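Please read the structure below before turning to the comments.
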């Protein structure tokens, strides 16, 4: 069953031509904290070429610590975050909360990235931690 999801208002929908993400994890980078409005962002990494979207997506151009461009995707109608896309990589990180309910209930996060930015009150490891991106 392909992965699928949508924004809060359902104006943006997407499907991914695969049954499971390449990686499911917690992203603690400062930008993901701000985009999610929370202490971290649950991300599901998939190949860009497997993703098909429909609807009014707006993209905001940011700069990663590496100096490379990272595009932050969100619905232009309701503002729901959809993904972040590192321009220099063949992957995109879908926001786990945007997946369809039955799919996200089956996620098994196994990685934490950017723990160097993990907030100090988040004292427990949620999964296998990496200070930045997996090396």
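Residue numbers (my numbering): 4 to 138.
Every residue gets a Cβ at the ideal spot worked out from N, C-alpha and C, and that includes glycine.
Since we're looking at a predicted model, the values are computed, not measured.
By how many angstroms is the C-alpha of residue j removed from the C-alpha of residue i?
| i | j | result |
| --- | --- | --- |
| residue 68 | residue 22 | 31 Å |
| residue 5 | residue 55 | 11 Å |
| residue 66 | residue 108 | 32 Å |
| residue 27 | residue 128 | 15 Å |
| residue 106 | residue 123 | 31 Å |
| residue 70 | residue 14 | 32 Å |
| residue 184 | residue 125 | Outside the modelled stretch of the chain, which goes from 4 to 138, sits residue 184, for which no answer is possible. |
| residue 63 | residue 53 | 21 Å |
| residue 118 | residue 45 | 13 Å |
| residue 11 | residue 80 | 9 Å |
On the DSSP bridge list, what partners appear for residue i?
| i | result |
| --- | --- |
| residue 30 | 44, 116 |
| residue 77 | 61, 84 |
| residue 49 | 95 |
| residue 56 | 17 |
| residue 24 | Its beta-bridge partners do not exist; DSSP assigns none. |
| residue 131 | 114 |
| residue 66 | 72 |
Quick check on residue i: buried or exposed, where buried means 16 or more other Cβ atoms within 10 Å of its Cβ?
| i | result |
| --- | --- |
| residue 25 | exposed |
| residue 41 | exposed |
| residue 104 | exposed |
| residue 91 | exposed |
| residue 61 | exposed |
Could you check which residue in the options has the C-alpha nearest to that of residue i?
| i | options | result |
| --- | --- | --- |
| residue 48 | 64, 60, 29, 33 | 29 |
| residue 86 | 50, 126, 115, 135 | 50 |
| residue 38 | 119, 92, 78 | 78 |
| residue 73 | 57, 16, 32 | 32 |
| residue 111 | 131, 92, 57, 121 | 131 |
| residue 114 | 102, 133, 84 | 133 |
| residue 8 | 100, 93, 95, 121 | 100 |
| residue 16 | 59, 36, 43, 94 | 59 |
| residue 120 | 35, 19, 20 | 35 |
Quick one: give me the first and last residue of the beta strand (DSSP E) that residue i is part of.
| i | result |
| --- | --- |
| residue 7 | 6-9 |
Tell me the residue span of the alpha helix (DSSP H) that contains residue i.
| i | result |
| --- | --- |
| residue 104 | 104-107 |
Below 7 Å, is the gap between the Cβ of residue i and the nearest heavy atom of the ligand MN?
| i | result |
| --- | --- |
| residue 67 | Of the ligands one can find in the structure shown there are none, so the ligand MN has no counterpart to examine. |
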